[in-house]
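Mind the numbering: the sequence shown is residues 146 to 687 in the working numbering, read in order. The beta carbon of each residue, even a glycine, is placed where N, CA and C say it ideally should be. Remember, predicted model here, so these are calculated numbers, not experimental data.
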Amino acid sequence: MKRELLGILLLLLFFAPLSHGFAVTKRPNLQVTAVAWGSSQAPIVVQPGDQSQTLIITVSNLGDNVAYHAEAMFRIDYPFSYPLAQPGQGNVIQVELGVMQILSSLPIRLILDIDPLAKNGIYRLDLRFTYSDKLEGGTLYDETTTVDVPVTGYTSLTVSKAFWGSSSLPIEVQPGDENQPLSAIIVNTGTAVAQNVTASLIIESPFSYRYSSGGDLVEAKNETVSVGTIMPGGSGLAQFILSVKADAVQGLYKLNVVLKYSRNPPIWTTIDIPVRGYNYLSLQKVSVLPPKVYPGDENIDLKIYVTNAGNAAAKNVSVEMVQSQYVSPSWGGADRYFIGTVQPGQTVPVDFYINIDDSAPSPSNLSLVAKIVYGPARNFEKFEEIPLFLNAKARFVVTSTKIPDIHVSDMGVVIFVTFKNNGTESAQGTRVELEVPNAFSGTTSDYLGTVNAGEEKTAKFVLDIDSNAKIGSYVLNQRISWSQPGATKLFTQDVGLELNIMENPLNKILPGVIAILIIAVVIAVASARRRSHGKEIRPRQE
146 MKRELLGILL LLLFFAPLSH GFAVTKRPNL QVTAVAWGSS QAPIVVQPGD QSQTLIITVS
206 NLGDNVAYHA EAMFRIDYPF SYPLAQPGQG NVIQVELGVM QILSSLPIRL ILDIDPLAKN
266 GIYRLDLRFT YSDKLEGGTL YDETTTVDVP VTGYTSLTVS KAFWGSSSLP IEVQPGDENQ
326 PLSAIIVNTG TAVAQNVTAS LIIESPFSYR YSSGGDLVEA KNETVSVGTI MPGGSGLAQF
386 ILSVKADAVQ GLYKLNVVLK YSRNPPIWTT IDIPVRGYNY LSLQKVSVLP PKVYPGDENI
446 DLKIYVTNAG NAAAKNVSVE MVQSQYVSPS WGGADRYFIG TVQPGQTVPV DFYINIDDSA
506 PSPSNLSLVA KIVYGPARNF EKFEEIPLFL NAKARFVVTS TKIPDIHVSD MGVVIFVTFK
566 NNGTESAQGT RVELEVPNAF SGTTSDYLGT VNAGEEKTAK FVLDIDSNAK IGSYVLNQRI
626 SWSQPGATKL FTQDVGLELN IMENPLNKIL PGVIAILIIA VVIAVASARR RSHGKEIRPR
686 QE
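Structure, rendered in structure tokens:
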């Protein structure tokens, strides 16, 4: 508007008759044409208490002559202050504008603080211009104008919601959880930027916050975090770290929060903090490798799957097998496993390695028990049943033996051993191997073929006893091996056989026979000598 009025005035002066007695004078004319906080492209609204805000004052030459040696002096008055002022500079900011062409504009950028006790409104500040209409020796102009500076913004901070975890991964907490992140979304519903926002959480039971100081843990009464800058209509995130007492009950708790920004008075508000987490640990499924298990099997991989069907993480989770008849760990520690943390909906596989006693009945269903221990203080226990099916297995017992007297150096000793399949499954391709020491030899294996459940068959062994065999009792092992319908493994069973080795009877009479023979030989030799001597001596004749 000012530009149009100036243009009309210049036209009237240009076309006015010279006879009126005055001449047209051309001159520069510096005026403030715009005032904005922030920037001309992205203006903002400021409020009392704001710091280091940029004020843009646009100066334009609306005259019809170039302005030379232009300067601007801005007087800073209440409620503003200049944080970049040098010592002794006072409250006047001087800016050199230099040469300003006709209808040109230059921005003056000032960094200002606003007193937090100021009231909203329009503040007028003096701006003094000095400039000349010529580069050398022209007319010097010294003019003062006022600048209207608006301080009309306000900030309104509230906590829109609080939740555990983060925006991308919210969680639930439960009594006993420690050092869990609590997030609070702070919203600015005002018209001005909230600078240097901080949030202080006033901590009360059942919550606590501990921090390390000088190597010691100190329990704090409040926890303060920095949020930063929150734009109008925007939001910021405050994140606290809290622990929940183990004796807390599930529910919704309220805590006070103190919000501060810039140099403005604190804002007290409350937030709702839910404690609704719980764990529900169970066995989702069980698998066994090999798929078929029989009495006597070892190193069986019993895989169980522990799942958390709750809505909160289960901490310090471990699983162990409760001692059970017929079942033992394959090695020390093979029946227990420490998992750690199981998140909600997570399933964790656990491998146990067990041996099945050969005396276990089959077919049968064993009921194993797994104990799950969990909780921040490992103060929760749960027992889960693990079914394990034992398949039918042939089982041999010795019903009779036929063993003759056995002596050292005996040859072709025939031994009969009758076996009965006392199990519930037939044994196919059954063979019996008699494991003998080095002093024994002969036929030590016999093939029995198929031995049905309840059936008896006899194995025959033929042994030769070495002359170096020691007299006494020998317990030999009979290893029975067979296969079963539907099984992919070869079964074995060991059964003992006791043999008594006696001294050979010939060994008792042989020394006497030899002694008699020696005596007979001695007598015979002596008699022969006497007869020979009698023939050689004759009587003398006179």
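Between the options, which lies nearest to residue i when the distance is taken from Cα to Cα?
i: residue 499; options: 474, 505, 481; result: 474
i: residue 541; options: 497, 637, 608; result: 637
i: residue 511; options: 597, 263, 519, 440; result: 440
i: residue 608; options: 630, 363, 580; result: 580
i: residue 195; options: 202, 181, 300, 174; result: 300
i: residue 583; options: 573, 572, 548, 619; result: 619
i: residue 285; options: 628, 412, 172, 606; result: 172
i: residue 539; options: 557, 572, 193; result: 572
i: residue 461; options: 323, 666, 265, 412; result: 323
i: residue 433; options: 391, 393, 496; result: 496
i: residue 585; options: 610, 600, 574; result: 610
i: residue 516; options: 210, 506, 193, 528; result: 528
i: residue 174; options: 248, 392, 508, 535; result: 248
i: residue 482; options: 371, 562, 491, 449; result: 449
i: residue 508; options: 487, 488, 533, 489; result: 533
i: residue 263; options: 273, 226, 251; result: 226
Determine which residues share a DSSP beta bridge with residue i and list them.
i: residue 330; result: 306, 382
i: residue 215; result: 243
i: residue 572; result: 596
i: residue 647; result: 552
i: residue 344; result: 370, 404
i: residue 559; result: 607
i: residue 478; result: Answer by DSSP bridge pairing: none, since residue 478 is not bridged.
i: residue 498; result: 446
i: residue 179; result: 203
i: residue 286; result: 276
i: residue 222; result: Looking at the DSSP assignment, residue 222 forms no beta bridge with any residue, so it has no partner.
i: residue 349; result: Paired residues: none, contrary to the question.
Starting from residue i, trace the beta strand (DSSP E) both ways and give me its first and last residue.
i: residue 624; result: 617-628
i: residue 259; result: 250-259
i: residue 474; result: 472-474
i: residue 466; result: 459-466
i: residue 431; result: 426-434
i: residue 206; result: 198-206
i: residue 229; result: Careful: residue 229 lies outside any beta strand (DSSP E) and carries neither H nor E.
i: residue 503; result: Residue 503 -> no beta strand (DSSP E), and no H or E assigned at all.
i: residue 587; result: 585-588
i: residue 519; result: 509-519
i: residue 273; result: 266-277
i: residue 530; result: 525-535
i: residue 416; result: 412-420
i: residue 317; result: Element bounds for residue 317: n/a, residue is neither H nor E.
i: residue 358; result: 355-358
i: residue 362; result: 361-364
i: residue 547; result: 541-547
Quick test of your reading: residue i and residue j, contact by CB under 8 angstroms. State the CB separation rounded to the nearest angstrom.
i: residue 531; j: residue 514; result: 7 angstroms
i: residue 566; j: residue 596; result: 5 angstroms
i: residue 270; j: residue 292; result: 5 angstroms
i: residue 259; j: residue 228; result: Going by Cβ atoms, the distance from residue 259 to residue 228 rounds to 11 angstroms, so no, they are not a contact pair.
i: residue 484; j: residue 464; result: 7 angstroms
i: residue 602; j: residue 564; result: 6 angstroms
i: residue 570; j: residue 598; result: 6 angstroms
i: residue 305; j: residue 384; result: About 15 angstroms; that fails the 8 angstroms criterion.
Next on the checklist: Taking 8 angstroms as the cut-off, does the region 203-221 touch the region 236-251 (at least 3 CB pairs, one atom from each stretch)?
Outcome noted: yes
Checklist entry - Are the region 419-428 and the region 448-464 touching by the rule of at least three beta carbon pairs closer than 8 angstroms? => result yes
Next on the checklist: With a threshold of 8 angstroms, are at least 3 pairs of Cβ atoms found where one atom belongs to the region 398-407 and the other to the region 336-352?
Outcome noted: yes
Next on the checklist: I want to know whether the region 603-615 touches the region 409-422 - three or more CB-CB distances under 8 angstroms.
Outcome noted: no
Checklist entry - Are the region 389-399 and the region 354-371 touching by the rule of at least three beta carbon pairs closer than 8 angstroms? => result no
Item to check | the region 542-556 in contact with the region 588-595 per 3-pair CB rule at 8 angstroms | outcome: no
Next on the checklist: Quick check: the region 618-633 against the region 518-532, are at least 3 beta-carbon pairs closer than 8 angstroms?
Outcome noted: no
Checklist entry - If we count Cβ pairs, one from each stretch, closer than 8 angstroms, do we get three or more for the region 261-281 versus the region 302-321? => result no
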